[in-house]
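Take a look at the structure below.
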Amino acid sequence: MLLSGLSSYIPVLVFMAISGAIGFLMLLIGRLWRPSHPYKEKLSPYECGIEPEGDAWERVIPRYYVYAMLFLAFDVEALFLFPWAIVFDKIGWFAFIEMVLFIIVLLIGLVYAWAKGALDWRY
Amino acid sequence: MIHLFFLMFSLIAVIASWRVVAAKHIIHAVLWLVVTFFSTACLFVMLGAEFLAAIQILVYAGAIIILYVFAIMLVNVKDLDIKAHFHKHRRLAKLLGLVIFAELGLVFLQRFTFLQAKGPLAVQQAEWGGNSEVIGRLLYTDYILPFELASIILLVAIIGAVVLAITQEKRA
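Below you can see the structure in the form of structure tokens.
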């Protein structure tokens, strides 16, 4: 049976409810089941078995931000591909040329980032 | 039934966005923002805007949140006096909040007539089917210029990010 309109989202809702229930129940059962004897060493953050050093609030290098920003730009680009892929057979070559232009403009950005060394990982 | 879900998701959105501004810890604020984006996406689905909902999850709850987390990790949040910084702009915030509240009140007073109004998208959607297909058809025929302009804007964003990060690194 094909569901139409909003009722086709009922399976999604069921999935959401089940996955939420699983997560909640796992934590709940764990809390009820496990013995609880906390002490200072047990509560300290685990850092490969050695004594934790410094603070968790450490500043990261801005290089990560470039990657996130580039990811965001190409993520948005990929989003434009979805509706294009759906209607591609109806619009034809015109849509194809449009998308090629779109991707070329963004490729310029990728080439620029590459040439500037934004994609190399230096320390 | 549909009103019940609308009430549920909008309540979650309102509570979560309140938690965003009220959170003591900045990472908690970001996590509540994810909840806000998600419930807004659910509202988009209920309005029949599935493509927008997918974008909301993929770009906002995914990429933008990563960007926020990185931005938080870049600065030393612990040493920042966030409260003193924000309380400076309290008067401006009150004014802006009042303007937005007045806008929402106006919409409310018009008894949601905009919900009945059918834009070009809604009309085509009934004719052509899926939401993404309608967006595709309109975007790649009638709205080519904004679409190609989007690529230029993305290019500017890429170049801007690279320039900012590279110059910052050279200075450091």
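Sequence lines, in order, name chains A and B. Its first residue numbered 42, the first sequence is counted upward by one per residue in the numbering used here. Its first residue numbered 10, the second sequence is counted upward by one per residue in the numbering used here. The beta-carbon is built from N, C-alpha and C at its ideal position, and this holds for glycine as well.
Closer than 9 angstroms at the beta carbon, the chain A residues around residue i
{"i": "I21/B", "result": "Simply none; closest approach about 12 angstroms."}
{"i": "G145/B", "result": "F123, P124, W125, A126, I127, V128, F129, K131, I132 and A136"}
{"i": "E142/B", "result": "P124, I127, V128 and K131"}
{"i": "F60/B", "result": "L120, F123 and P124"}
Proximal chain B residues relative to residue i, where beta-carbon distance stays under 9 angstroms
{"i": "D116/A", "result": "L67, V68, G71 and A72"}
{"i": "V152/A", "result": "The contacting residues do not exist; V152/A stays about 10 angstroms from chain B at best."}
{"i": "V101/A", "result": "F79, M82 and L83"}
Where residue i meets chain A, residues with beta-carbon distance less than 7 angstroms
{"i": "T150/B", "result": "I132"}
{"i": "M55/B", "result": "L47"}
{"i": "I109/B", "result": "By Cβ distance, chain A contributes nothing, its closest Cβ being about 27 angstroms from I109/B, past 7 angstroms."}
Under 8 angstroms from the C-beta of residue i: neighbouring residues of chain A
{"i": "I35/B", "result": "What I35/B touches in chain A: nothing, since even the nearest Cβ is about 10 angstroms away."}
{"i": "I24/B", "result": "Within chain A, no residue comes near I24/B; the closest Cβ sits about 16 angstroms away, beyond 8 angstroms."}
{"i": "L76/B", "result": "Y106, A109, M110 and L113"}
Chain B contact residues for residue i, given Cβ-Cβ distances below 7 angstroms
{"i": "V107/A", "result": "A170, V171 and A174"}
{"i": "F112/A", "result": "A72"}
{"i": "A159/A", "result": "V171, A174 and I175"}
{"i": "L142/A", "result": "E157"}
Cross-chain neighbours of residue i in chain B, by beta carbon under 8 angstroms
{"i": "E139/A", "result": "Y149, I153, F156 and E157"}
{"i": "L147/A", "result": "S160, L163, L164 and I167"}
{"i": "Y50/A", "result": "V54"}
CB-CB length for residue i against residue j, believed under 8 angstroms
{"i": "V107/A", "j": "A159/A", "result": "5 angstroms"}
{"i": "S26/B", "j": "L52/B", "result": "With a Cβ gap of about 12 angstroms, S26/B and L52/B do not count as contacting."}
{"i": "E139/A", "j": "I153/B", "result": "6 angstroms"}
{"i": "G55/B", "j": "F14/B", "result": "According to the sequence provided, residue 55/B is Met. The question's Gly does not apply to it. M55/B to F14/B, Cβ: 6 angstroms. Contact."}
{"i": "I168/A", "j": "Y149/B", "result": "Residue 168/A lies beyond the stretch modelled for chain A, which goes from 42 to 164, so this question has no answer here."}
{"i": "A70/B", "j": "F46/B", "result": "4 angstroms"}
{"i": "A179/A", "j": "L113/A", "result": "For chain A, the structure presents residues 42 to 164; residue 179/A sits outside this window and is missing."}
{"i": "S48/B", "j": "A22/B", "result": "4 angstroms"}
{"i": "G150/A", "j": "I167/B", "result": "4 angstroms"}
* To do: Report yes or no: do three or more beta-carbon pairs, one from the region 145–165 of chain B and one from the region 73–85 of chain B, lie closer than 8 angstroms?
  => No: fewer than three Cβ pairs fall under 8 angstroms.
* Asked: Does the region 113–128 of chain A come close enough to the region 143–152 of chain A to have 3 or more Cβ pairs within less than 8 angstroms?
  -> By the Cβ rule, the region 113–128 of chain A counts as touching the region 143–152 of chain A, because three or more pairs are nearer than 8 angstroms.
* Unbroken alpha helix (DSSP H) runs of length 4 or more, entirely within the region 78–158 of chain A: which are they? -> Here the runs fully enclosed are 81–84, 104–132 and 134–156.
* Is the region 166–174 of chain B in contact with the region 89–106 of chain A, if contact means three or more CB pairs nearer than 8 angstroms? -> Counting Cβ pairs under 8 angstroms, three or more are found: they touch.
* Determine, using beta-carbon pairs with one atom in the region 139–147 of chain B and one in the region 53–72 of chain B, whether at least three such pairs fall under 8 angstroms. => By the criterion of at least three beta-carbon pairs nearer than 8 angstroms, the region 139–147 of chain B is in contact with the region 53–72 of chain B.
* To do: Mind the definition here: the region 67–80 of chain B touches the region 38–54 of chain B only if three or more C-beta pairs lie below 8 angstroms; say whether that holds.
  => Here the region 67–80 of chain B makes contact with the region 38–54 of chain B; the two share three or more CB pairs at distances below 8 angstroms.
* Asked: Would you call the region 97–112 of chain B and the region 81–94 of chain A touching, i.e. three or more CB-CB distances under 8 angstroms?
  -> Under the three-pair Cβ rule at 8 angstroms, the region 97–112 of chain B does not count as touching the region 81–94 of chain A.
* Which runs of the alpha helix (DSSP H) fall wholly inside the region 20–74 of chain B and span at least 4 residues, in chain order? -> Fully enclosed alpha helix (DSSP H) runs of 4 or longer: 35–55 and 59–64.
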